[in-house]
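Protein chains: 2
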Amino acid sequence: MLSDRSTPSPPTYDLGVSIETRRKLLDGALLALREHGVAGVSARSIAAAAGVNQALVFYHFGSVDELLSAACITVSEERFTNYGQRLAEATTLRELLDLSRRLHEEETAEGNISVLAQMLAGARTNPRLAEATSQALKLWTSPVEATLERLLATSPLRDVLDVPSLARAATATLIGLELYQGVDPAGADSAFSTFEQVAVLVEVADNLSPMAKRALRTILNRRKPR
Amino acid sequence: MLSDRSTPSPPTYDLGVSIETRRKLLDGALLALREHGVAGVSARSIAAAAGVNQALVFYHFGSVDELLSAACITVSEERFTNYGQRLAEATTLRELLDLSRRLHEEETAEGNISVLAQMLAGARTNPRLAEATSQALKLWTSPVEATLERLLATSPLRDVLDVPSLARAATATLIGLELYQGVDPAGADSAFSTFEQVAVLVEVADNLSPMAKRALRTILNRRKPR
DNA sequence: GTCTATACAACGATAGAC
DNA sequence: GTCTATCGTTGTATAGAC
Chain A
1 MLSDRSTPSP
11 PTYDLGVSIE
21 TRRKLLDGAL
31 LALREHGVAG
41 VSARSIAAAA
51 GVNQALVFYH
61 FGSVDELLSA
71 ACITVSEERF
81 TNYGQRLAEA
91 TTLRELLDLS
101 RRLHEEETAE
111 GNISVLAQML
121 AGARTNPRLA
131 EATSQALKLW
141 TSPVEATLER
151 LLATSPLRDV
161 LDVPSLARAA
171 TATLIGLELY
181 QGVDPAGADS
191 AFSTFEQVAV
201 LVEVADNLSP
211 MAKRALRTIL
221 NRRKPR
Chain B
1001 MLSDRSTPSP
1011 PTYDLGVSIE
1021 TRRKLLDGAL
1031 LALREHGVAG
1041 VSARSIAAAA
1051 GVNQALVFYH
1061 FGSVDELLSA
1071 ACITVSEERF
1081 TNYGQRLAEA
1091 TTLRELLDLS
1101 RRLHEEETAE
1111 GNISVLAQML
1121 AGARTNPRLA
1131 EATSQALKLW
1141 TSPVEATLER
1151 LLATSPLRDV
1161 LDVPSLARAA
1171 TATLIGLELY
1181 QGVDPAGADS
1191 AFSTFEQVAV
1201 LVEVADNLSP
1211 MAKRALRTIL
1221 NRRKPR
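Listed in order, the protein sequences are those of chains A and B.
For the record, in the first sequence the residue sitting at position 18 is 18 according to my numbering, with numbers rising by one throughout.
Add 1000 to a position in the second sequence, counting from 1, and you land on the number used in my numbering.
Structure follows, in C-alpha cells:
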C-alpha cells in the first residue's frame, strides 16, 4: 500500500460507480454463498446481500456462475498475499503447524473455508465452477506447498511424502472438517485436534536420529501404496 | 437372509405397489444427487431418475428434504451391515488400512461418498438435512471407530490420539478428497496416497519398541493442542 | 450504469380424477 | 396409490426507460 495523498477523495475512481457495484456484488456473492449455500444461492439472494439491483448481476458478470467464480477467485487472491508473507516466516515444521492453525481459524471465522467448500460441492456438477474453484484452490495450497518444500528439503520423509500431495491432503482435510462442523460441531473440533496430533507425528518423524530416520524410510518405502 | 421358499412370489407384498415406488424414489434421490448435486436436485429431477411421477415425492415423503434425508440414511444403513462385518475381520492396523482403502474405493465407485459430500454441503444451511446427515455419518464412522478401539486398545497412542476423533478426522479427509476429486482428479489421487502414507506413520508409531513408545508418548503429550 | 418491468422456465406443493 | 392438471413462487435473463 502506498501512503495516502492529500484530499479525502472518494474510495474509487467513480467510472459511473461501476467499480463499487462490482465490489458489492463480489462481496454479496460470498455472503449469499455462506448464508444459503450453493443450493440456495441465486441472483436475487446475491443482489439482496449486496444491496443492489438484481439485473446488475447479469450486466456486470453475465451469469450467476460467472459471478460466483469471480468472487471465489478474487477472495482467494486477496488472501493469498497475506498467507505467503506469514508462511515465509516459519522456520520449523512446528512453527508451520502453529501458524497453520491460526490461519485456519481466521479463515474459518471469516467464512472463507465455507465458501470454498460450497464451491467445491457445486463444482462436482458444474464445469464452470470447477474451473474457478481449481484456480482458487491452487492459490491456497501453493504457499503451503512452498513452505513445506523448504522445511522438508533435507528430511528423510521427502521422498516418501510427496510435498505437493501433502499440501493437498491437508487442504482436503480442512475442507472436510469444515463440512463436518455443520453436522457435529463438537466432533469436528476434537477431530481437528487429532488431525494436528497426527501432523505432530510427521514432525516427530522428521526429528528422529539419522539412524532411526533410515530405518523409518525403509519401512515407509516398503509400504508405499500404488 | 432366510433361505428362499417355494413359489416365485412377487418381489414385495404389493400393497398397491407403494413399497416398490418408495424404493424407486429413494434410489432416484441418490441418483439425482450424484448427477446434479445438492444445488440441482429437485422433486422433478428425482422423479425423472426414479421413473415415476413427480407428485409421488410429496405423497410418500412430504417434501424433497424429507426424501433426501430418508435416502441418505437408508443407503448408510444398508452399507453399515456390510462394513461392520468386514472390519471385524481386521486384526492389525495394517489390515485395517488395506481394508479401508478397498471399502473407500467401492463406495467412491458407487457414488456414496459423493452423496454424503453433497448432503454435508446442503446441511450447512438446512437443519433438516443436517439432522439426517449427522445420523448417516454416525453409521459410517461407528464401525471404523469400534475397529480402531479394538486395535489400539493397548497402544501408546491411545491416550494421545482419541479414537472417536481419529475416525472422524479420517472420514472428514475422505469427504474432502472426494470434493477435491472434482477440481483436480490427479492431485486428489496423489493426495490420497499421501494420506495413506501418513496413516502408515501411525501404524509405525504403534509398532515401536516399548522404550521408544514411552519416549514418543512424552513428546506427543507435551505438544497436545488445546 | 442503474433501474423497473417483464418474459419464460422450473420449482414445491396440492386438488381431484382415476 | 398413482396420475393429470394446476396454482403460486422463485429462478435466470433481457428490454427499455432513466
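Yeah, the Cβ is synthetic: ideal placement off N, Cα and C, and Gly gets one too.
Helix, strand or coil at A:Leu308 according to DSSP, with G and I counted as helix: Residue 308 of chain A falls outside the range modelled here, since chain A spans only 1 to 226, and no answer is possible.
Touching by the beta-carbon criterion (3+ pairs, under 8 Å), the stretch 120–128 of chain A and the stretch 1028–1041 of chain B: yes
Alpha helix (DSSP H) runs contained entirely in the stretch 1108–1180 of chain B, provided each spans 4 or more residues: 1112–1123 and 1127–1151
Neighbour-count burial assignment, B:Gly1051, 16 or more Cβ in a 10 Å radius: Residue mapping note: residue 1051 of chain B aligns to position 51 of the second sequence, counting from 1. The residue in question, B:Gly1051, is exposed, as its Cβ has fewer than 16 Cβ neighbours within 10 Å.
Amino acids of chain A, ordered along the chain, whose beta-carbon sits closer than 9 Å to that of B:Glu1145: For the purposes of this step, residue 1145 of chain B is identified with residue 145 of the second sequence, where counting begins at 1. Result: empty, since nearest Cβ-Cβ is about 11 Å, beyond 9 Å.
Minimum C-alpha distance to B:Leu1093 - residue among B:Ala1047, B:Thr1154, B:Leu1120 and B:Val1160: Counting from one through the second sequence, the residue named residue 1093 of chain B turns up at place 93. Taking only the C-alpha atoms, the option nearest B:Leu1093 is B:Thr1154.
Chain B contact for A:Ser42 (CB, 7 Å cutoff): Against the first sequence, residue 42 of chain A aligns to sequence position 42. No, A:Ser42 does not count as interfacial toward chain B.
At least 3 beta-carbon pairs within less than 8 Å: the stretch 191–205 of chain A vs the stretch 1139–1156 of chain B: no
Contact with chain B by A:Val52, beta-carbon distance below 7 Å: Counting from 1 along the first sequence, the entry for residue 52 of chain A is found at position 52. A:Val52 does not count as touching chain B.
Alpha carbon of B:Val1057 to alpha carbon of B:Ser1063, nearest angstrom: The sequence position of residue 1057 of chain B within the second sequence is 57, counting from 1. The sequence position of residue 1063 of chain B within the second sequence is 63, counting from 1. Between B:Val1057 and B:Ser1063, the C-alpha separation is close to 7 Å.
Distance, B:Met1211 Cα to B:Pro1185 Cα: The sequence position of residue 1185 of chain B within the second sequence is 185, counting from 1. The sequence position of residue 1211 of chain B within the second sequence is 211, counting from 1. If you take the alpha carbons of B:Pro1185 and B:Met1211, they lie about 42 Å apart.
Alpha-carbon to alpha-carbon, A:Arg168 and B:Glu943: Residue 943 of chain B falls outside the range modelled here, since chain B spans only 1001 to 1226, and no answer is possible.
Where B:Thr1173 falls, given that 16 or more other Cβ within 10 Å makes a residue buried: Within the second sequence, residue 1173 of chain B is the residue found at index 173, counting from 1. With 16 or more Cβ atoms within 10 Å of its Cβ, B:Thr1173 is classed as buried.
Proximity test, Cβ basis, 7 Å: B:His1060 and chain A: Start at 1 with the first residue of the second sequence, and residue 1060 of chain B comes out as number 60. With 7 Å as the cut-off, B:His1060 does not count as an interface residue toward chain A.
Residues that B:Ile1219 contacts on chain A, provided the C-beta gap is smaller than 7 Å: Numbered from its first residue, the second sequence carries residue 1219 of chain B at position 219. Within chain A, the residues near B:Ile1219 are Val204.
4-residue-minimum alpha helix (DSSP H) runs that sit fully inside the stretch 1035–1079 of chain B, ordered along the chain: 1043–1050 and 1055–1061
Candidates B:Thr1171, B:Gly1176, B:Pro1156 and B:Arg1222, of which the one nearest B:Lys1213 by Cα: As a working note, residue 1213 of chain B is residue 213 in the second sequence. Residue B:Pro1156 is the option with its Cα nearest to B:Lys1213.
Interface partners of A:Phe80 on chain B, CB under 8 Å: Numbered from 1 along the first sequence, position 80 holds the residue referred to as residue 80 of chain A. The contacting residues do not exist; A:Phe80 stays about 17 Å from chain B at best.
Cα-Cα separation, A:Glu233 to B:Thr1133: Residue coverage of chain A in this structure runs from 1 to 226, which leaves residue 233 of chain A outside it and unanswerable.
A:Tyr83 at chain B interface by Cβ criterion, 7 Å: What you label residue 83 of chain A is simply residue 83 of the first sequence in a count that begins at 1. Closer than 7 Å: no.
Residue nearest to A:Leu120 in terms of C-alpha spacing, selected from A:Ala130, A:Gly111 and A:Val75: Counted from its first residue, the first sequence places residue 120 of chain A at position 120. It is A:Ala130 whose Cα lies nearest to the Cα of A:Leu120.
Spatially closest choice to A:Gly176 from A:Leu161, A:Arg79, A:His104 and A:Ile219, by CA coordinates: If you number the first sequence from 1, residue 176 of chain A lands on position 176. Per the Cα distances, A:His104.
A:Leu166 versus A:Val160: straight-line alpha-carbon distance, rounded: Within the first sequence, numbered from 1, the residue matching residue 166 of chain A stands at position 166. Within the first sequence, numbered from 1, the residue matching residue 160 of chain A stands at position 160. Roughly 10 Å between the two C-alpha positions.
Minimum Cβ-Cβ distance from B:Asp1162 to chain A less than 7 Å: Within the second sequence, residue 1162 of chain B is the residue found at index 162, counting from 1. Taking Cβ atoms only, chain A reaches closer than 7 Å to B:Asp1162, which makes this a yes.
Chain B within 7 Å of A:Arg23, Cβ atoms only: Locating residue 23 of chain A in the first sequence gives position 23, counting from the first residue. Chain B, which has no Cβ nearer than 7 Å to the Cβ of A:Arg23, makes this no.
Burial state of B:Thr1141, where buried means 16 or more other Cβ atoms lie within 10 Å: In the second sequence, counting from the first residue as 1, residue 1141 of chain B sits at position 141. The residue in question, B:Thr1141, is buried, as its Cβ has 16 or more Cβ neighbours within 10 Å.
A:Asp27 in three-state terms, based on DSSP: Indexing the first sequence from 1 puts residue 27 of chain A at position 27. Three-state DSSP puts A:Asp27 in a helix.
Burial state of A:Tyr83, where buried means 16 or more other Cβ atoms lie within 10 Å: The count along the first sequence starts at 1 and reaches residue 83 of chain A at position 83. Under this definition A:Tyr83 is a buried residue.
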